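Below: one structure, written as structure tokens.
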Amino acid sequence: MSQISLKNIDKSYYEKDVLVDVDLQINPGDKLAIIGENGAGKTTLFRIILGLEQPDSENAEIIVAKNIVIGHLEQELSNASNESNALYDAEIYQTETKINKLTKQIAINNEEDQNLLREYAKATAKFESLDGYNYRYKLKSILAGLGISEETAHRPLSELSGGERMRISLARLLLKEPDVMLLDEPTNHLDHIATEWLEEFLTSTKSTVIFISHDRAFIDQIATKTAELEHGKLTLYNGNFSKFASLKKERESFLNKEISKLEDQVQRQAEITQTMLSHRKIGSYRSSQKKSRRLQARLNDLKSSKSKNPTSLKFDILKGIDLGDPNKIILSVKDLSVTFEGQSHSLFKPFSFSLRGKEKVIIVGKNGCGKTTLINSLLGEEKAAEGIVRLTKDIKYGVLRQLVEFFDESHTVIESLQWVDPHLTEGAARNRLALYGFRNIDVFKQLHTLSGGERRRLYLCHLLTENPDILFLDEPTNHLDINSSEILENALLNYEGAILAVSHDRYFIEKIGQYVLGFVDNEIKPYPNYKSFRLAEKNAYQKNSKQNDHIIKKRMINQSDENHSNNNINQNKEELVHTKKNNDLFSKQDLRLQQNLVNINHFPTNPVQTRKFRAISQEALSDLERKMNVCETKKIELEKNFSDAKDEKIYTEYDHLLKLIENYENLYLKILELQEQLD
10 MSQISLKNID KSYYEKDVLV DVDLQINPGD KLAIIGENGA GKTTLFRIIL GLEQPDSENA
70 EIIVAKNIVI GHLEQELSNA SNESNALYDA EIYQTETKIN KLTKQIAINN EEDQNLLREY
130 AKATAKFESL DGYNYRYKLK SILAGLGISE ETAHRPLSEL SGGERMRISL ARLLLKEPDV
190 MLLDEPTNHL DHIATEWLEE FLTSTKSTVI FISHDRAFID QIATKTAELE HGKLTLYNGN
250 FSKFASLKKE RESFLNKEIS KLEDQVQRQA EITQTMLSHR KIGSYRSSQK KSRRLQARLN
310 DLKSSKSKNP TSLKFDILKG IDLGDPNKII LSVKDLSVTF EGQSHSLFKP FSFSLRGKEK
370 VIIVGKNGCG KTTLINSLLG EEKAAEGIVR LTKDIKYGVL RQLVEFFDES HTVIESLQWV
430 DPHLTEGAAR NRLALYGFRN IDVFKQLHTL SGGERRRLYL CHLLTENPDI LFLDEPTNHL
490 DINSSEILEN ALLNYEGAIL AVSHDRYFIE KIGQYVLGFV DNEIKPYPNY KSFRLAEKNA
550 YQKNSKQNDH IIKKRMINQS DENHSNNNIN QNKEELVHTK KNNDLFSKQD LRLQQNLVNI
610 NHFPTNPVQT RKFRAISQEA LSDLERKMNV CETKKIELEK NFSDAKDEKI YTEYDHLLKL
670 IENYENLYLK ILELQEQLD
């Protein structure tokens with residue numbers, strides 16, 4: 010049975026048809042990608058499903074199965090509330106807060122307070138009934154997957170950036186995991202690591218997923234069906250984007266053959282009809298004329314169902330100066346590094362590389378690693394940069410940044426282009442702008458009224474009109490629909506100059522890049538393709554994780570062997586007291602934490618004592634986890650400064666930190682073992 014059924018859906022705005030006779034059936038477990046040009050009506054279709062807009066057609070049918078929950082991720086959040094902890098389930102959060110409060114009260118209460126213990130038992134029972142423990146695990150998993158810190162998750166939405174708000178909104182939807190998810194551009198503001206995590210989540214979820222996306226690689230990983238919205242018509246294909254592209258090509262080929270046959274039939278029938286008329290065979294003429302009309306109607310239907318020629322963009326790139334030998338080095342970099350004020354280490358290790366005359370290179374890495382900073386450094390715009398950057402004499406370069414800015418926002422579209430190239434007549438300017446999707450009255454729009462996609466398209470028009478020899482591109486496919494991205498890619502493939510581009514678009518990377526420069530473990534290295542970069546990145550992460558965990562795991566094994574030979578809980582409690590030989594490394598709060606555990610004079614023998622012990626020990630474990638995280642962060646910071654360290658105090662501090670971590674770990678393991686013996 011379908012979860013959502015749409016029939017005979019029409020919608021138009023200002024006499025422009027957006028949706029025309031749209032039919033769509035959504036079945037449980039479907040992973041449906043909806044694609045189409047910007048402004049094709051994809052978001053409008055979502056709004057109709059959600060009941061936020063009504064179709065124009067009187068015979069339209071919108072059927073949503075009873076009792077299903079639909080969750081919606083908008084492409085842009087209109088309002089940012091002052092609500093803190095917006096990501097958290099209110100009831101679970103309030104219950105957990107109450108448990109933490111009771112835990113602290115029980116821990117500091119020397120005598121068993123029956124009322125407190127009953128309240129604690131009641132709160133924990135409610136937390137379990139709300140599936141709170143699983144919720145916390147799932148929450149941590151989603152936060153880590155989408156790259157959201159705990160600190161960010163607790164802040165009010167109004168204090169977050171647009172990208173942070175979108176990730177919080179996405180995380181909130183994934184936590185609820187409703188029956189049907191409507192996702193509008195879910196990979197916006199995600200780096201490649203978060204995108205790949207989201208792919209795994211959506212592939213494995215039992216929820217039905219309907220998503221709008223321009224990310225072709227993402228669609229390939231998720232979609233079981235692909236629906237293209239083109240000129241108001243929705244055409245459904247089984248399979249992902251690659252399958253859709255193949256099936257569409259076959260469909261277009263078939264339609265072209267059928268149209269050609271029908272055109273021949275229409276022509277022959279027209280000749281027959283004319284012959285009947287000339288011989289004054291009126292009965293035969295009328296019969297032939299009816300047949301001609303039927304053939305013409307069939308031909309018109311086929312032509313209307315055939316994809317129109319794309320009208321959004323036809324990027325053209327003019328030929329620059331002749332650089333001669335394509336292997337000639339036109340950009341060289343030696344020992345480039347960036348260290349911002351107040352930081353003790355550089356953003357990336359000293360980096361050297363050369364760009365040749367016709368090379369096309371893509372820069373890749375996670376958010377915040379320094380990709381845009383690298384581009385700015387190469388352009389001489391980063392004051393914190395050190396090293397040597399050389400450009401060949403007389404080289405002309407063009408730059409497309411993520412944030413597009415124009416010289417005069419009050420200019421109209423056509424005025425801005427004529428400002429870039431004063432030799433362009435109005436007719437020539439109109440023709441060039443038409444290639445970038447600006448037609449008729451669009452050319453008279455003022456720049457400050459343009460959408461993000463329109464601004465990017467216009468800037469590309471400006472950039473390529475200037476005829477550069479090297480293109481520096483920062484996320485060039487941002488805000489472009491799939492068709493426009495593919496046209497841009499084909500134009501760049503034919504471009505005879507060099508390209509150095511930052512991109513997270515995996516289709517773009519594989520299609521354009523001759524190789525990639527990847528940020529891995531604070532170092533920039535060349536890789537033959539994106540897949541080899543991701544493999545290196547994953548290997549580096551695993552290696553670092555193993556190094557960080559090696560000491561802890563070794564100590565845990567040793568501790569386990571020690572505890573296996575001694576099962577007496579009172580002896581374990583005495584060992585906790587014996588850690589006083591290292592008390593100089595603990596804070597007063599740590600000592601109180603140990604004393605609380607030792608204060609249980611005998612093994613808990615009834616539920617009340619057990620609950621009290623659990624409350625005390627759980628608070629201790631939470632506190633130790635926080636302290637160990639702080640110490641590990643400090644340890645990593647110290648390790649980064651070893652190579653430049655001139656003061657021996659850094660090594661003394663490091664040694665002290667290792668001992669502190671060791672004592673925290675030992676105490677943590679002791680508490681865990683005590684808890685296990687209660688189970």
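The working numbering puts the last residue of the sequence shown at 688; the count rises by one with no breaks. The beta-carbon is built from N, C-alpha and C at its ideal position, and this holds for glycine as well. Computed from a prediction, not measured in an experiment: that's the story for all the values here.
- DSSP, read as helix, strand or coil, puts Q63 in coil.
- Sixteen is the threshold: when 16 or more other Cβ atoms of the shown chains lie within 10 Å of the Cβ of K51, as they do, the residue is buried.
- The Cβ neighbour count for A510, taken over all protein chains shown within 10 Å, is at least 16; the residue is labelled buried.
- In the three-state DSSP reduction, N76 falls in the coil class, being neither helix nor strand.
- Residue burial is scored here from C-beta neighbours: H457 has fewer than 16 other C-beta atoms within 10 angstroms and is therefore classed as exposed.
- In the same chain as R365, and ignoring 5 residues on each side of it, the C-beta atoms closer than 8 Å to its own belong to P335, N336, K337, I338, I339 and A507, in chain order.
- Assignment of D451 by DSSP, reduced to helix, strand and coil, places it in the helix class.
- In the DSSP annotation of this structure, the continuous segment of the alpha helix (DSSP H) that includes A134 starts and ends at Q123 to S138.
- Residue ranges of uninterrupted alpha helix (DSSP H) with 4 or more members, entirely inside the stretch 417 to 441 and ordered along the chain, are 422 to 429.
- Per DSSP, the beta-bridge partners of K242 are E239.
- Counting only the Cα atoms, V189 lies some 9 Å from H81.
- With respect to the C-alpha of K380, the residue from I219, S269, T214 and I533 having the closest C-alpha is I533.
- Distance from R441 to L426 at the Cβ level is roughly 7 Å; contact confirmed, criterion being Cβ atoms closer than 8 Å.
- Taking all protein chains in view, the Cβ of N503 is surrounded by fewer than 16 other Cβ atoms within 10 Å, so the residue is classified as exposed.
- Here the C-alpha atom of F362 lies approximately 26 Å from the C-alpha atom of N553.
- If you draw a 10 Å sphere on the C-beta of N47, you find 16 or more other C-beta atoms in it, and that means buried.
- CA-to-CA, the gap between D514 and G407 works out to about 20 Å.
- A Cβ-Cβ contact shorter than 8 Å links A69 with K16.
- With a cutoff of 8 Å on beta-carbon distance, I384 and I521 are scored as not near each other.
- A straight-line Cα-Cα distance of about 39 Å links S262 and L526.
- Within 10 angstroms of the beta-carbon of Y550 lie fewer than 16 other beta-carbons, which makes it exposed.
- When only Cα atoms are considered, D30 and L245 end up about 13 Å apart.
- In the structure shown, D632 adopts helical secondary structure according to DSSP, grouped into three states.
- Contact fails between the stretch 137 to 144 and the stretch 159 to 166, because fewer than three Cβ pairs, one in each stretch, are under 8 Å apart.
- Taking a 10 Å sphere around the C-beta of F528, we find 16 or more other C-beta atoms and assign the residue as buried.
- In the three-state reduction of the DSSP assignment, S626 falls in the helix class, which pools H, G and I.
- Around the C-beta of M10, fewer than 16 other C-beta atoms lie within 10 Å, and the residue is accordingly described as exposed.
- For I77, the closest alpha carbon among the candidates S66, E83, E67 and L59 is that of L59.
- DSSP places N492 in no beta strand (DSSP E) but in the uninterrupted alpha helix (DSSP H) bounded by I491 to N503.
- A distance below 7 Å between beta-carbons, with the five flanking residues on each side excluded, links T382 to the following residues of its chain, in chain order: V347, L356 and E391.
- Excluding sequence positions up to five before and after D32, its CB lies within less than 8 Å of the CB of L15, K16, N17, I18 and L243, all in the same chain and listed in chain order.
- Here DSSP, grouped into helix, strand and coil, assigns Q686 to helix.
- P485 is classed as buried because its beta carbon has at least 16 other beta carbons within 10 Å across all chains shown.
- Rounded to the nearest angstrom, the Cβ distance from G38 to K215 is 7 Å, consistent with a contact under 8 Å.
- Note that the C-beta distance between R464 and G446 is not below 8 Å.
- Between E272 and L308, the C-beta spacing is below 8 Å.
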